[in-house]
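Q: As they're listed, the protein sequences go chains Z and P.
Our numbering numbers the first residue of the first sequence as 142 and each following residue consecutively.
Our numbering numbers the first residue of the second sequence as 48 and each following residue consecutively.
Cβ atoms here follow ideal geometry from the backbone N, Cα and C, with glycine treated the same way.
Below you will find the structure I want to go over with you.
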Amino acid sequence: MAFVNWFKRNVVVIAGLLTLAYLLLPNVVVTVFSFNRPKGRFNYEWQQFSADAWKDPCGVSGLCESLGLSLQLAFWATLGATLLGTMIAFALVRYRFRARGAVNSLIFLPMAMPEVVMAASLLTLFLNMGAELGFWTILIAHIMFCLSFVVVGVKARVMSMDPRLEQAAQDLYAGPVQTFLRVTLPIAAPGIAAGALLAFALSFDDFIITNFNAGSTVTFPMFVWGSAQRGTPVQINVIGTAMFVVAVALVLVSMAVGNRRKRQKA
Amino acid sequence: MKTTEETTTAGGGDVRLTGISKTYGDFTAVHPLDLTVPEGSFFALLGASGCGKTTTLRMIAGLEEPTAGTVHLGDQDVTALPPYKRPVNTVFQSYALFPHLDIYENVAFGLRRRGIKSVKKQVEEMLELVQLGEQARKKPHQLSGGQQQRVAVARALINHPKVLLLDEPLGALDLKLRRQMQLELKRIQTEVGITFVHVTHDQEEAMTMADCVAVMNAGRVEQLGTPADLYENPRTTFVANFLGTSNFIEAEVDSTSGDDIVLKAGGGKLVLHRARASAPATTGGKILAGVRPEKISLTHADDAGEIPEGRNRITGRITESSFIGVSTQFVVDSPVCSDFEVYVQNIDRDPRLAPGAEVVLHWNPAHTFGLDAAQDIDAGAETVEEEVA
């Protein structure tokens with residue numbers, strides 16, 4: 142009886158912890174196996190502890206080159222998609238123009254369309270145009286499919302923004318440029334940041350569309366896929382773990398900064 | 048203060064709207080209108096929603112471009128100036144405080160945009176004026192509605208505008224706070240001496256705060272005057288109904304003698320002073336005789352003989368009576384007007400004055416006002432209820 146009562150009181154906490162474990166377990170496995178010393182080429186069975194891979198993360202040929210390329214692609218794709226997406230979002234919310242409704246729904250097409258279909262059609266397009274497959278074709282593809290996500294994020298933010306705020310800025314002697322920099326942009330910033338983060342994540346780990354349109358270029362996801370056929374180097378787990386740690390660290394830092402700011406204000 | 052020095056120059060700091068109008072496609076929000084707001088006055092634009100009052104205000108601010116006409120501030124024609132170049136500031140409906148800036152930075156915004164470096168002293172003084180010195184580092188959402196309202200006023204006033212425009216600034220506050228803020232705004236206006244143009248749909252608010260009220264209806268100014276003048280001498284049924292309550296009797300001009308016009312209504316005679324008739328009175332012509340409910344005395348029909356001579360009188364039967372403390376409000380059914388409203392002060396209450404009682408309504412002829420009969424008697428009456436609800 143006591144147990145039943147205890148369970149009733151804590152059922153939400155228990156459900157929460159179980160869900161969290163479900164989400165984190167894959168990351169734990171990746172981390173643990175980054176310290177493995179596998180027998181043979183496949184890192185699928187635990188053998189013995191070793192930090193060798195951590196000491197030499199670029200020890201596998203081609204891995205760090207592909208990682209560098211993926212980071213570069215993600216950076217430029219994020220920049221491009223965020224710039225274009227923010228402008229599209231503002232245009233869709235603020236202005237009435239011909240075909241606005243059509244643009245509004247078409248912009249979500251890349252989100253709805255099966256990735257593999259889009260990948261194949263893009264390849265057809267590039268081939269017909271005689272484009273040389275490589276960095277630029279991948280970048281164009283990435284900006285395209287990241288765009289919709291940025292538009293969704295920024296649009297929601299801009300829509301909930303009171304147009305009177307900008308009028309108030311103008312009324313208080315801020316010209317158009319000042320109004321945009323001092324009022325519009327800071328208020329839209331959380332939406333833009335959310336869109337950019339999403340774009341970065343999507344671009345960094347995209348495989349299908351990239352694989353179709355990469356030519357002989359190899360990105361990090363393609364490298365992992367390729368090596369999985371022949372054997373998985375422990376270094377892949379090292380990179381994976383490092384990315385996870387960096388992401389968690391960034392979140393923690395931003396939370397700490399936010400909390401401190403709140404405490405200062407109060 | 049600063050503005051009084053600046054405006055001792057010729058031309059003063061009046062706001063002058065000349066032939067100003069605004070149309071959106073087929074819809075005319077503001078018909079060409081001329082309006083002068085005297086410098087240093089507390090001026091109210093009063094009307095129901097959609098009457099064009101906010102559009103008029105926004106044209107003064109520069110947030111709306113007039114279709115025709117000009118806006119002058121003192122000698123300066125500002126019609127073509129964008130809002131950020133006009134020496135005018137606005138307190139917006141629902142305040143429009145910048146959510147990402149704290150109170151201090153909200154108030155300092157206008158000064159900083161004009162390139163003023165040392166803002167500290169001015170901002171602190173302004174926050175003191177609106178009694179928010181303690182809250183300087185809070186964000187707008189951490190303040191109550193009344194406090195946010197004061198921040199909005201401070202943010203505008205710190206720039207020493209020639210004119211402060213207030214767009215329904217008290218609309219979002221509850222009744223008690225609104226009364227308090229009305230006094231507060233009036234105090235601030237007296238203290239700083241800046242011209243205030245206040246847009247509101249609340250007739251009581253306009254009357255308690257403003258020196259001068261322009262009543263707007265359907266894109267036109269119906270009447271302009273001091274609150275007492277508008278209330279006592281409405282020139283249209285809209286004004287008569289929108290400001291307070293009025294009773295109307297459709298009457299025919301019987302004769303005129305000296306300063307008096309004698310009216311015939313339902314067999315009885317009523318006297319109207321010529322000076323209080325805003326429509327021409329020709330014998331045999333129609334006129335609407337109006338009288339405010341609180342000017343009327345109610346006497347039971349049995350005592351009709353005690354009513355002094357020379358008073359306007361009509362007979363009727365009480366259909367409703369509601370006791371509201373300071374007064375009792377009666378609705379009387381009479382041959383000349385079916386729902387005559389009468390407010391009687393509760394000094395000596397006559398217990399016979401109950402629904403069903405036959406009564407005589409009588410009032411001083413000087414309290415009768417005459418309006419053009421070719422208008423809708425109920426104009427402005429329903430909109431008031433709708434807005435208050």
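1) Round the Cβ separation of P/E297 and P/K333 to the nearest angstrom and send it over; I've been treating them as touching at under 8 angstroms.
2) So is Z/Q213 buried or exposed if we call it buried at 16+ other beta carbons inside 10 Å?
3) For chain P, check one thing: does any of its Cβ atoms lie closer than 8 angstroms to the Cβ of Z/R402?
4) Does DSSP put Z/Y314 in a helix, in a strand, or in coil?
5) Establish whether the CB of P/P130 and some CB of chain Z are separated by less than 8 angstroms.
6) Kindly indicate if chain Z contains any beta-carbon less than 8 angstroms away from that of P/E53.
7) Would P/G157 and P/R197 qualify as a contact pair, given that the criterion is a beta-carbon distance under 8 angstroms?
8) Count the other CB atoms within 10 Å of the CB of P/K69; is the residue buried (16 or more) or exposed (fewer)?
9) So, helix, strand or coil for Z/W187, using DSSP?
10) Quick check: the Cα distance between Z/K149 and P/L176, rounded to an integer number of angstroms?
11) Roughly how many angstroms lie between the CA atoms of P/P130 and Z/F276, to the nearest whole one?
12) Can you look up P/G427 in the DSSP assignment and give me helix, strand or coil?
13) In chain order, what residues of the same chain lie with their CB nearer than 8 angstroms to the CB of Z/I349, ignoring the 5 residues before and after it?
14) Within 10 angstroms of its Cβ, does Z/N269 collect 16 or more other Cβ (buried), or is it exposed?
15) Are the beta-carbon atoms of Z/N378 and Z/S202 separated by less than 8 angstroms?
16) Counting only C-beta atoms, is P/A143 closer than 8 angstroms to chain Z at any point?
17) Apply the 10 Å Cβ neighbour rule to Z/L166 and answer buried if 16 or more other Cβ atoms are within range, or exposed otherwise.
18) Using the C-alpha atoms, what's the distance from Z/A355 back to Z/V365?
19) Using a Cβ-Cβ cut-off of 8 angstroms (strictly less than) and excluding sequence neighbours within five positions of P/E432, which residues of its own chain qualify?
20) By the DSSP assignment, the beta strand (DSSP E) with P/M263 in it spans what residues?
21) For Z/V152, which residues in the same chain have their Cβ closer than 8 angstroms to its Cβ, ignoring the five residues on either side in sequence?
22) Answer yes or no: do P/L148 and P/M173 have a C-beta to C-beta separation smaller than 8 angstroms?
23) For the alpha helix (DSSP H) containing Z/Y163, list its first residue and its last residue.
24) Our contact map puts P/C98 next to P/M263 with C-beta atoms below 8 angstroms; I'd like the distance itself, whole angstroms only.
25) What in chain Z is Cβ-close to P/H147, meaning under 7 angstroms?
26) Specify, as a first and last residue, the run of the beta strand (DSSP E) that P/N206 falls within.
27) Cα separation between Z/L225 and Z/V318?
28) Taking Cβ positions, are P/V62 and P/V210 nearer each other than 8 angstroms?
29) Give the DSSP-derived three-state secondary structure of P/I107 in the structure shown.
30) Roughly how many angstroms separate the alpha carbons of Z/C287 and Z/T360, rounded to a whole number?
31) May I ask you to list, following chain order, the residues of the region 307-320 of chain Z that have a beta carbon less than 7 angstroms from some beta carbon of chain P?
32) Measuring alpha carbon to alpha carbon, tell me which of Z/A156, Z/T160, Z/V170, Z/L164 ends up nearest Z/G381.
33) Ignoring anything shorter than 4 residues or poking outside the region 204-267 of chain Z, list the alpha helix (DSSP H) runs there in chain order.
A: Let's see:
1) In this structure P/E297 is in contact with P/K333, their Cβ atoms being roughly 7 angstroms apart against a cut-off of 8 angstroms.
2) Exposed, since its Cβ has fewer than 16 Cβ neighbours within 10 Å.
3) Z/R402 does not count as touching chain P.
4) Taken through DSSP and simplified to helix, strand or coil, Z/Y314 comes out as coil.
5) It does; some Cβ of chain Z falls within 8 angstroms.
6) Note that P/E53 scores a pLDDT of 41, beneath 50, so its modelled location is shaky; the value from the coordinates is reported in the next line. With 8 angstroms as the cut-off, P/E53 does not count as an interface residue toward chain Z.
7) The answer is no: Cβ separation not under 8 angstroms.
8) Label assigned to P/K69: buried.
9) In the structure shown, Z/W187 adopts coil according to DSSP, grouped into three states.
10) Rounded to whole angstroms, Z/K149 and P/L176 show a C-alpha spacing of 55 angstroms.
11) Rounded to the nearest angstrom, the two C-alpha atoms are 48 angstroms apart.
12) Assignment of P/G427 by DSSP, reduced to helix, strand and coil, places it in the coil class.
13) Taking C-beta separations shorter than 8 angstroms and ignoring five residues to either side along the sequence, the partners of Z/I349 in its chain run E256, V257, A260, following chain order.
14) With fewer than 16 other Cβ atoms within 10 Å, it is exposed.
15) It is not a contact, given that the beta carbons lie outside the stated cut-off.
16) Look at P/A143: its C-beta is under 8 angstroms from a C-beta on chain Z.
17) Within 10 angstroms of the beta-carbon of Z/L166 lie fewer than 16 other beta-carbons, which makes it exposed.
18) The straight-line gap from Cα to Cα measures roughly 15 angstroms.
19) In this prediction, P/E432 has a pLDDT of 47, which is less than 50 and means its spatial position is unreliable; what the coordinates show is noted afterwards. Nothing meets the Cβ criterion.
20) Looking at the DSSP string, the run of the beta strand (DSSP E) that includes P/M263 is 259-264.
21) Answer for Z/V152: no residue qualifies.
22) No; because the gap between Cβ atoms is not below 8 angstroms, this pair is not in contact.
23) Annotation for Z/Y163: the continuous alpha helix (DSSP H) segment containing it runs 143-174.
24) About 4 angstroms separates the Cβ atoms of P/C98 and P/M263, confirming a contact at the 8 angstroms cut-off.
25) Result: P327, I328.
26) From DSSP, P/N206 is part of no beta strand (DSSP E); its letter is neither H nor E.
27) Z/L225 and Z/V318: Cα-Cα distance of roughly 19 angstroms.
28) In this structure, P/V62 sits near P/V210, with a CB-CB distance shorter than 8 angstroms.
29) Correct three-state label for P/I107: helix.
30) Z/C287 and Z/T360 have their alpha carbons spaced roughly 17 angstroms apart.
31) Residues passing the 7 angstroms Cβ filter: Q308, A309, Q311, D312, L313, Y314, A315, G316, Q319.
32) Nearest option by C-alpha distance: Z/V170.
33) The region 204-267 of chain Z contains these whole alpha helix (DSSP H) runs: 204-235, 241-247, 250-253.
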